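Numbering (the working numbering), first residue to last: 342 to 564. Quick reminder that beta carbons are idealized off the backbone N, C-alpha and C, glycines included. Computed from a predicted structure; not experimentally measured. First comes the structure, then the notes that go with it.
Printed below as a string of structure tokens:
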């Protein structure tokens, strides 16, 4: 079974993905810029800064996520775009009010010495930037959740309660044999292939040999 869990920062996506994966014995994938920096052997802070103006890092990250989803029949992927990057039997969107999310992020990042007001502002700006970014990347409106099977407001729920809801939904979906085609995926795959200058098969077929370090280096040479 393939499950996609998406949502804004502070909604509990990572925890839910981990808990659901363990409960259902699924492969857990939450591939981020930090993982990409590790795989490319580059400094994360530098990559993150450059990614603000260079979309190549998004395409490399999403390439990895898509290939993971295609190559594993039993997987849960937790990223903002997970539901748009895979054919999933169950698509979950986690949400919570901005203030609640900022409060969680503030508690999580106490070592950064930011006030709640600063975190609230940064969270709002991040939401706005991400929406613009995904529109620019793929023409996707991340605030349109019509393709999701379930949306969960996590504000007043514990992490265990959120995970239990998703696990119950997954069991129901599997029993009901739900299967809905992702109408965005083919177009997204084409966009990634074009921008990374690789064959479309490299995006669609996990058996096609791909080396993201080589792709990255080739793109740097062209630039």
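Alpha-carbon to alpha-carbon, residue j and residue i
i           : j           : result
residue 482 : residue 473 : 8 Å
residue 528 : residue 347 : 20 Å
residue 419 : residue 562 : 32 Å
residue 414 : residue 455 : 42 Å
residue 422 : residue 362 : 18 Å
residue 532 : residue 410 : 17 Å
residue 476 : residue 492 : 21 Å
residue 541 : residue 530 : 7 Å
residue 403 : residue 426 : 7 Å
residue 556 : residue 395 : 15 Å
residue 469 : residue 393 : 13 Å
residue 534 : residue 390 : 24 Å
Beta carbon proximity, residue i to chain D, threshold 7 Å
i           : result
residue 480 : The chain inventory of the structure shown lacks chain D, comprising one protein chain alone.
Chain-order list of residues whose beta-carbon lies under 6 Å from that of residue i (same chain, five-residue window excluded)
i           : result
residue 385 : 375 and 378
residue 351 : 442, 445 and 446
residue 495 : 352, 353, 435, 437 and 503
residue 367 : 415, 416 and 417
residue 490 : 431 and 432
residue 486 : 434 and 492
Enclosing beta strand (DSSP E) for residue i [first to last residue]
i           : result
residue 494 : 491-494
residue 370 : 368-370
residue 436 : 431-436
Residue i and residue j closer than 7 Å at C-beta
i           : j           : result
residue 360 : residue 517 : no
residue 547 : residue 408 : yes
residue 478 : residue 380 : no
residue 443 : residue 461 : yes
residue 354 : residue 428 : no
residue 416 : residue 343 : yes
residue 405 : residue 457 : no
residue 364 : residue 508 : yes
residue 397 : residue 560 : yes
residue 388 : residue 553 : no
Cutoff 7 Å; reference residue i; Cβ partners in own chain excluding five residues on either side
i           : result
residue 412 : 547
N- and C-terminal bounds of the alpha helix (DSSP H) containing residue i
i           : result
residue 448 : 439-449
residue 539 : Careful: residue 539 lies outside any alpha helix (DSSP H) and carries neither H nor E.
residue 350 : Segment: none, residue 350 is in no alpha helix (DSSP H) and carries neither H nor E.
residue 483 : That residue, residue 483, is in no alpha helix (DSSP H); it is neither H nor E in DSSP.
residue 508 : 500-517
residue 411 : 397-412
residue 361 : 354-365
residue 390 : 385-392
Close Cβ partners of residue i (< 8 Å) along its chain, the five nearest in sequence each way excluded
i           : result
residue 500 : 353, 356, 357 and 360
residue 515 : 342 and 430
residue 484 : 472
Is it true that the region 344-362 meets the region 433-443, where meeting means three or more beta-carbon pairs spaced less than 8 Å apart? Because the criterion of three Cβ pairs below 8 Å is met, the region 344-362 and the region 433-443 touch.
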